[in-house]
Structures are given as C-alpha cells and as structure tokens.
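Numbering (our numbering), first residue to last: 71 to 376. We put the beta carbon where it would ideally sit given N, CA and C, even for glycine. Everything on this sheet refers to the single structure shown next.
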Ligand SMILES: [Zn+2]
C-alpha cells in the first residue's frame, strides 16, 4: 500500500513541479494547464455569509441549503473533470492508480490532507464505501480561523470534490456526506462516500459500529443534488410501474390474458478489496507525506465475502 501511494506521490509531484507563474500575463500554468488561485474563506464561510445576507436573517436555513447545493454540485463536477484531465495527462488507466492519486492531488492543491480509514471498501460497484478524514480541510479551517462555529458540517466542497474524483476513477455514481467537522468542534472532519441510494445505510452502519461517533454525527447532510436525483428516479420508476400496471390491466380486460410474472433478479455485490488485490504485502499503516491509509482496510467487513 505504501508503494501504491509512493507511486502516486511521484506522479502528482511531477505534475505540480511543472508550474509557471507569469504575473506579467496574469497566468499560472501547471503541466500546461491554466490554474487560478482562490482565497479559501471566499468559498466557504464568507460565501455562506453572502448568501445569508441576500436571503435575509429569517430565511437562513433556506440560504444555507442553497449555498450547500451550489458548492457541492460545483465541487463534484470539478472533482470529476480534474480527475479525468489528470488521468489523461499522466496516462493513468488502472482504477486503483487513478484513485490513489486523488488524496495526493488534494494535498498539493491545498484542499486537504486525506487519511483513509480501515472501514473503507472501494469497489467498482454499488458496494463502494470509503471512510476518510480531512484533518486540515480548507473549509473547516476557514471557519476556525474566523472563530466561527457551525452546528452542521461545513466541508461541502471537500465532500463534493473527493466523491467526484472517486466516481471518475471507479465508475459508479458516488456521493459523500460529512459526519464530523472541525467547524462544529469535532476533532477532525470525517466523510463517508457511497452510491446515493446506499449512503444513508452506510452512515447508519458506521455509526452503529462506532457508537462514540453517534451523538456527534447527528447533523450530517446528504447533498441535495443526489437526493433530488434519487427522488426523480423513484418518481420515474413509479410512473413506469404505473404504466406497466395499466397496460396489463388493459390487456387483461381486452384479451383475458394473465399478467406475466415479473422476472426476479438477484444481485450479489461482493466487496472488492483493492488493497488485497494490489498490495498483498501491506502489513502496517502506510504513511506518506500527503496521505495515510491503514492496511486494516483489507480486513473483510462483517458478513461480507471477498
Ligand atoms: Zn469539516
């Protein structure tokens, strides 16, 4: 595992070393790509303040929801496109190599340091689950530096960007929710990434297995974009079922046919341990300059087969 992240560090460091600052033309280029520097607080605590001032004090909840939605959707799209561009430029095709560069890229871009926790099960299907900390998230940092406290997690862009990068690396649609956050006085910022239809169950399972986290994780938010998307999909399913049901009733009435039995499908999603497949020699927690990952990540979850 250490070798995996060491290789990722080499690739990402090479990418960021190729930097040209040219104030005379107002440009910063990294590996031939134009970049922009943005002050962290402007994308976090100050953005929330701006939106709240536009909505008015009596609509604060609505304002925060609006800010969260914009920041998450923007960051998720950035995570996906940055990953796609980076993988292409550095000629990375293996999903593990692609995913491994994410935390290191994150660190170089000053978003956060990433520590992947042993409960993680990254897989190219709907069993995907990643649990990780961003102890120095730029968003919570902005709140702490401004001596501001929040009752809910504030690292929305960290959640969006990291889940976007994972999605681009592995394939399944993914969403992240932050369950602990330094801005609400937790010791770290902790995230869980999973497919949208499974994220709530993953969080519930994690909290059940880590009861000391439960009281602190009470105010997590599942990003609205994915909630809306799931609601739209549920609505479409209900409409399809309704149309199918209407069609069967119609056939039955006109032709006396019995409704055909619906085919049932059974899908078994086996957890796929990336560490085991790619680094069987890992025997201890691997720490690199920009990320940490525990080899306990290889341990099968209760009831899961590998
Ligand atoms: Zn946070």
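Helix, strand or coil at residue 218 [DSSP, three-state]: Sequence index remark: in the chain shown, residue 218 carries index 148 (1-based). Residue 218: coil per DSSP, three-state reduction.
Measuring CB to CB, does residue 205 end up less than 8 Å from residue 198? Against the chain shown, residue 205 aligns to sequence position 135. Against the chain shown, residue 198 aligns to sequence position 128. No, these two residues do not count as a Cβ contact at 8 Å.
Endpoints, the alpha helix (DSSP H) within which residue 226 is located: The residue given as residue 226 occupies position 156 in the chain shown. 226-240 is the span of the alpha helix (DSSP H), which, as asked, contains residue 226.
Within 8 Å, strictly: CB atoms of residue 189 and residue 203: Within the chain shown, residue 189 is the residue found at index 119, counting from 1. Within the chain shown, residue 203 is the residue found at index 133, counting from 1. No, Cβ-Cβ distance for residue 189 and residue 203 is not below 8 Å.
Measuring from the CB of residue 233, is there a heavy atom of ligand 3 at a distance below 7 Å? Because ligand 3 does not appear in the structure shown, any question about it cannot be addressed here, the ligands present being ligand 1.
Just checking residue 255 against ligand 1 - is the residue's beta carbon closer than 7 Å to any of the ligand's heavy atoms? As a working note, residue 255 is residue 185 in the chain shown. Checking the Cβ of residue 255 against ligand 1 gives no.
My output table needs one value for residue 211: the three-state DSSP class, helix, strand or coil. Your numbering for residue 211 matches position 141 in the chain shown. Helix, per DSSP.
With burial defined as no fewer than 16 other Cβ atoms inside 10 Å of the residue's Cβ, what is the status of residue 165: buried or exposed? Numbered from its first residue, the chain shown carries residue 165 at position 95. Per the 10 Å Cβ criterion, buried.
What's the C-alpha gap between residue 123 and residue 222? Position 53 of the chain shown, counting from 1, holds the residue named residue 123. Position 152 of the chain shown, counting from 1, holds the residue named residue 222. Going by the C-alpha atoms only, they are around 19 Å apart.
Cut-off 8 Å between Cβ atoms - residues of its own chain near residue 270, not counting five sequence neighbours on either side: Locating residue 270 in the chain shown gives position 200, counting from the first residue. Hits under 8 Å: 292.
Pair every Cβ in the region 225-233 with every Cβ in the region 145-154, then say whether three or more of these pairs are closer than 8 Å. yes
Could you please go through the chain and list the residues whose beta-carbon is closer than 7 Å to any non-hydrogen atom of ligand 1? 204, 207, 209, 210, 223, 224, 225, 228, 248, 251, 252, 253, 259
Below 8 Å on the Cβ atoms is my contact criterion, and I expect residue 114 with residue 213 to pass it. Report the Cβ-Cβ distance as a whole number of Å. For the purposes of this step, residue 114 is identified with residue 44 of the chain shown, where counting begins at 1. For the purposes of this step, residue 213 is identified with residue 143 of the chain shown, where counting begins at 1. Contact holds; Cβ gap of about 7 Å.
Can you check whether the CB of residue 207 is closer than 8 Å to the CB of residue 259? Here residue 259 refers to the residue found at position 189 of the chain shown. Here residue 207 refers to the residue found at position 137 of the chain shown. Yes, Cβ-Cβ distance for residue 259 and residue 207 is below 8 Å.
DSSP three-state assignment for residue 106, whether helix, strand or coil: Here residue 106 refers to the residue found at position 36 of the chain shown. Reduced to three states, the DSSP call for residue 106 is coil.
Rounded to the nearest angstrom, what separates residue 79 and residue 171 at their Cα positions? The sequence position of residue 79 within the chain shown is 9, counting from 1. The sequence position of residue 171 within the chain shown is 101, counting from 1. Between residue 79 and residue 171, the C-alpha separation is close to 7 Å.
Beta-ladder partner(s) of residue 99, from DSSP: Here residue 99 refers to the residue found at position 29 of the chain shown. Bridge partners of residue 99: 90, 104.
Selected residue, minimal CA-CA separation from residue 196, among 218, 226, 272, 283: The residue given as residue 196 occupies position 126 in the chain shown. The candidate whose alpha carbon is nearest that of residue 196 is 272.
Counterpart residues of residue 134 in DSSP-defined beta bridges: Position 64 of the chain shown, counting from 1, holds the residue named residue 134. The bridge partners DSSP lists for residue 134 come to none.
According to DSSP, simplified to helix, strand and coil, what is residue 78? Here residue 78 corresponds to residue number 8 of the chain shown, with the count starting at 1. If DSSP states are grouped into helix, strand and coil, residue 78 belongs with the helices.
Through-space distance from residue 116 to residue 126, alpha-carbon basis: Reading the chain shown from its first residue, position 56 is the one you call residue 126. Reading the chain shown from its first residue, position 46 is the one you call residue 116. For residue 126 and residue 116, the distance between alpha carbons rounds to 15 Å.
Return helix, strand or coil for residue 200, following the three-state DSSP convention. As a first step, residue 200 is located in the chain shown; it is residue number 130 there, counting from the start. Strand, per DSSP.
Beta-bridge pairing of residue 260 - partner residues as DSSP gives them: Here residue 260 refers to the residue found at position 190 of the chain shown. Paired residues: 203, 250.
Between the Cα of residue 145 and the Cα atoms of 308, 240, 228, 267, which residue gives the shortest distance? Here residue 145 refers to the residue found at position 75 of the chain shown. With distances taken between Cα atoms, residue 145 lies closest to 228.
Can you give the Cα-Cα distance for residue 262 and residue 94, rounded to whole angstroms? What you label residue 262 is simply residue 192 of the chain shown in a count that begins at 1. What you label residue 94 is simply residue 24 of the chain shown in a count that begins at 1. For residue 262 and residue 94, the distance between alpha carbons rounds to 43 Å.
Can you find the residues in the same chain that come closer than 8 Å, C-beta to C-beta, to residue 154, ignoring five residues on each side of it along the sequence? Along the chain shown, one-based indexing puts residue 154 at 84. Take residue 154, set aside five residues on each side of it, and the residues of its chain with a beta-carbon closer than 8 Å to its own are 238, in chain order.
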